[in-house]
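Colleague: Following the working numbering, the numbering of the sequence shown begins with 360 at its first residue and continues without gaps.
For glycine and all other residues, C-beta sits at the position ideal for the given N, C-alpha and C.
Quick one: the structure is below, questions incoming.
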Amino acid sequence: MLRGKVNCHRKDVICGDFARHLDLIATGGRDNLVRLWDYERVMLIHEYKAHDTEVSIVRFIEPFRLLLKSDSSGSICIWLTKPHPQGGRLVTTFRNVLDLKQCTPISAIDTYYNEDTQEFLLFLGDELGSVRV
360 MLRGKVNCHR
370 KDVICGDFAR
380 HLDLIATGGR
390 DNLVRLWDYE
400 RVMLIHEYKA
410 HDTEVSIVRF
420 IEPFRLLLKS
430 DSSGSICIWL
440 TKPHPQGGRL
450 VTTFRNVLDL
460 KQCTPISAID
470 TYYNEDTQEF
480 LLFLGDELGS
490 VRV
């Protein structure tokens, strides 16, 4: 093990991601929190409240300074991250709603960015078997 830290969340850590371009680690847990860590010092930089449900996915959106979170209710939040001057600010939030009746939890997220065309795609897969771009 190169680095380690105990008691990073009050409950289980169930997801995480690493941003090479920022040297940051994001963790999400059953305590409804997303925590942002400095990789070199394994030091807490910022804490994001994830509404009232446990975090299921955290993902850095490269090459940007953005962090995406999805929780067990199907809610998605995107925040600016450090070292952006407004790091910690909520950029947008939306819910994975296929119809007006229910919000479905997301089980998979991926992104694609083409620097030449500046095309950005967000891929979502949910618990009902739907895939959206």
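Looking at aspartate 430: is its Cβ nearer than 7 Å to the Cβ of valine 414?
Modeller: Residue mapping note: residue 430 aligns to position 71 of the sequence shown, counting from 1. Residue mapping note: residue 414 aligns to position 55 of the sequence shown, counting from 1. Result yes, Cβ atoms of aspartate 430 and valine 414 sit closer than 7 Å.
Colleague: Output needed for proline 442: all residues of its chain with C-beta closer than 8 Å, excluding positions within five of it in sequence on either side, in chain order.
Modeller: Looking up residue 442 in the sequence shown gives position 83. Only Leu381 and Arg424 meet the Cβ criterion.
Colleague: How would you call aspartate 485, buried or exposed, if buried means at least 16 neighbouring beta carbons within 10 angstroms?
Modeller: Along the sequence shown, one-based indexing puts residue 485 at 126. Buried is the call here.
Colleague: Looking only at C-alpha atoms, which of Thr451, Phe482, Tyr398 and Asp411 sits nearest to aspartate 469?
Modeller: Counting from 1 along the sequence shown, the entry for residue 469 is found at position 110. Nearest C-alpha to aspartate 469: Phe482.
Colleague: Starting from glycine 388, trace the beta strand (DSSP E) in both directions and tell me its first and last residue.
Modeller: To locate residue 388, count along the sequence shown from 1; it is residue 29. Taken as a continuous stretch (DSSP letters only), the beta strand (DSSP E) holding glycine 388 covers 383–388.
Colleague: For leucine 392, which of Lys408, Val401 and Ile384 has the nearest alpha-carbon?
Modeller: Locating residue 392 in the sequence shown gives position 33, counting from the first residue. With distances taken between Cα atoms, leucine 392 lies closest to Lys408.
Colleague: Whose C-beta lies closer than 6 Å to the C-beta of threonine 452 among residues of the same chain, with five residues either side of it excluded?
Modeller: Here the question's residue 452 lines up with position 93 in the sequence shown. So the qualifying residues of the chain are Cys436.
Colleague: I need the straight-line Cα distance from aspartate 371 to aspartate 475, nearest angstrom please.
Modeller: For the purposes of this step, residue 371 is identified with residue 12 of the sequence shown, where counting begins at 1. For the purposes of this step, residue 475 is identified with residue 116 of the sequence shown, where counting begins at 1. The straight-line gap from Cα to Cα measures roughly 40 Å.
Colleague: Work out the CA separation of leucine 426 and valine 417 for me, nearest whole Å.
Modeller: Along the sequence shown, one-based indexing puts residue 417 at 58. Along the sequence shown, one-based indexing puts residue 426 at 67. Each residue's Cα considered, the two are about 7 Å apart.
Colleague: Taking C-alpha atoms, which residue in Gln477, Ile465, Asp390 and Asn473 lies nearest to serine 489?
Modeller: Along the sequence shown, one-based indexing puts residue 489 at 130. Checking every option, the nearest Cα to that of serine 489 belongs to Ile465.
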